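Okay, so here's the structure we're looking at.
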Amino acid sequence: MLSPPRAFPGGPRTRVGFLLVVAVGAFLVRAWWQVGLIGLVMMAAWLGLGLGARRLVRQVSKLVPLSLVIVLGYALFAEDPATDRWVTLDLRWFDLRLNQSGALTGLAMALRILAVVTASHVARTGDTRALAHGLRGLGMPKLAAIAIDATLALLDGGGGGGGGGGGGGGGGGG
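So this is what it looks like as structure tokens:
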């Protein structure tokens, strides 16, 4: 039988502070591998708090399509003429030029998103509403704090049982 996850240590403001430190840290480091290390530490915290490997894999897999779009987007455009390194792929019908350094910049951005999303789940462990309380305690308007909390709950798949099922009929007949 699975044991319930342990609670994140600290109160609501500590959780908000933790999330801010991780987010700012992830956006301050430049190299993709440094951001990857932050992500790995957050994944270790996820597992250490008992959130489960299967749930972590599910969360990461949800972010893969977005990550691919980000990496491809950065790879298609020039980033910095001093560091851009273009390669040409022969795709039979046309050639595709990709920016290798741009792709690495995109990878760093995708890893930042993964690290911050993972950190937000870690910070919500034990008391899923603690981040909203912490944000309100720091002066954020209640509606904004609730919106952020609801977004994090949806990212977690905890959107209340999944899908309304429709059945409303729609009205409008004449």
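Going by our numbering, the final residue of the sequence shown carries number 455, and the count climbs one at a time with no gaps.
We treat Cβ as the ideally placed atom computed from N, Cα and C, and that holds for glycine.
None of the values given here were measured: they were computed from a predicted structure.
- For Trp-327 and Thr-399, the gap between their C-alpha atoms comes out near 7 angstroms.
- Secondary-structure assignment with DSSP links Asp-371 through a beta bridge to Asp-376.
- Bounds of the alpha helix (DSSP H) holding Ser-382 are 381-405.
- Straight across, the Cα-Cα distance linking Gly-333 with Leu-344 is about 17 angstroms.
- Along the region 322-358, the alpha helix (DSSP H) occurs as fully enclosed runs of 4 or more residues at 334-357, listed in sequence order.
- Inter-residue distance for Ala-411 and Gly-317 is about 27 angstroms (C-alpha atoms, whole angstroms).
- Here Ala-312 is exposed: its Cβ has fewer than 16 other Cβ atoms, across all protein chains shown, within 10 Å.
- Annotation for Arg-296: the continuous alpha helix (DSSP H) segment containing it runs 293-309.
- Of the candidates Ala-307, Asp-376, Thr-432, Thr-432 places its Cα closest to the Cα of Arg-405.
- By the criterion of at least three beta-carbon pairs nearer than 8 angstroms, the region 343-360 is in contact with the region 377-397.
- About 5 angstroms separates the beta carbon of Ala-304 from that of Val-397, a gap short enough to meet the 8 angstroms contact definition.
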